[in-house]
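Have a look at the structure below before the remarks.
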Amino acid sequence: MEVPAAVRKKTDAFFDFDELEACGPIKQGELLSEKRRDDAHLDFDEMEEAKKSESRSSCRMLEPGQRVVIEGLKTHNAFNGLRGIIELFDEATGRYNVQLGSDIAQTAKIKGENLRALVLQEPKASPLGECVDASWMWPRRIRTSQTATDVILSIDHELDQTASKDLSARRGTFKNFILKWRPDKYPDDEAFAGKVFRYLMSRRDRYLDPRLC
């Protein structure tokens, strides 16, 4: 049976012509419709995978010390709108450790897709619990002739000097440093404060290890 040229032209891109010819005209139409549905489904799957890949890629753009706001949580939606600071990216869980509020013990593990980097001059999100927003008292610029390396060396020396104290005292010392060098306290010198803050985060686990007592 000879298949019309119009049918041949439409079907060459989808099926082997000999296979199509053997099916007959009615079966040809069914196969073409089924093939188009399959192709549409595959295209949709590819689009979804591309979106997921793009989302995973964008999630890794956040860095320690960067200010973020939590949004889009469904199960724990009470956290939506809270601000925090990125501590580190946990490769094992694929989530960011985010310090919330001013208490160094308040740390949450959040997916990158639920974190949005804050920009300067953006209205502040809701504070955590009963915390008071005292950002108006914070200095906008670091007034010191020291470099970030000088500050880090000074902090390093003090942490070493106090490492033999009990855990409670060490927590107090470390918390004071964290509160002093939060990058969002210095919007005009965020790179400087961010470098010091990242160093503090790198020393935290070792300095606050209970076994040091």
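Residue 109 is where the sequence shown starts when you use the numbering used here, and the numbers rise one by one after that. Think of the CB as a built atom: it goes at the ideal place given N, C-alpha and C, for glycine as much as any other residue.
Please report the Cβ distance between residue 267 and residue 311, rounded to the nearest whole angstrom; I am assuming they are in contact, meaning their Cβ atoms lie under 8 Å.
Here residue 267 is taken as the residue at index 159 of the sequence shown, counted from 1. Here residue 311 is taken as the residue at index 203 of the sequence shown, counted from 1. Contact holds; Cβ gap of about 6 Å.
Look up residue 69 in the DSSP assignment and say whether it is helix, strand or coil.
No answer is possible for residue 69: it lies beyond the span of the chain, which begins at 109 and ends at 321.
Considering Cα atoms alone, identify which of 265, 257, 222 is closest to residue 180.
The count along the sequence shown starts at 1 and reaches residue 180 at position 72. Ranking 265, 257, 222 by Cα distance to residue 180 puts 222 first.
If I measure Cβ to Cβ from residue 292 and keep anything under 6 Å in the same chain, skipping five residues before and after, which residues do I get?
Within the sequence shown, numbered from 1, the residue matching residue 292 stands at position 184. Result list for residue 292: 175, in chain order.
For the beta strand (DSSP E) that contains residue 192, what are its first and last residues?
Taking the sequence shown and counting its residues from 1, one reaches residue 192 at position 84. First-last of the beta strand (DSSP E) with residue 192: 191-198.
Flag residue 197 as yes when its Cβ comes closer than 7 Å to any non-hydrogen atom of the ligand FAD, and as no otherwise.
Judged by which ligands are present, the structure shown has none, so any question about the ligand FAD falls away.
Taking the C-alpha atoms as reference points, what is the distance between residue 225 and residue 169?
Here the question's residue 225 lines up with position 117 in the sequence shown. Here the question's residue 169 lines up with position 61 in the sequence shown. Approximately 10 Å, taken between the alpha carbons.
Pop quiz: residue 195 and residue 188 are said to be a contact at Cβ under 8 Å. What is the actual Cβ separation, rounded to whole angstroms?
As a first step, residue 195 is located in the sequence shown; it is residue number 87 there, counting from the start. As a first step, residue 188 is located in the sequence shown; it is residue number 80 there, counting from the start. About 20 Å; that fails the 8 Å criterion.
For residue 261, count the other beta carbons within 10 Å of its own beta carbon; 16 or more makes it buried, fewer makes it exposed. Which is it?
Taking the sequence shown and counting its residues from 1, the one referred to as residue 261 is at position 153. With fewer than 16 other Cβ atoms within 10 Å, it is exposed.
Check the C-beta distance from residue 207 over to residue 192 and give it rounded, since I have them as a contact under 8 Å.
As a working mapping, residue 207 is identified with position 99 in the sequence shown. As a working mapping, residue 192 is identified with position 84 in the sequence shown. Confirmed, Cβ separation roughly 6 Å.
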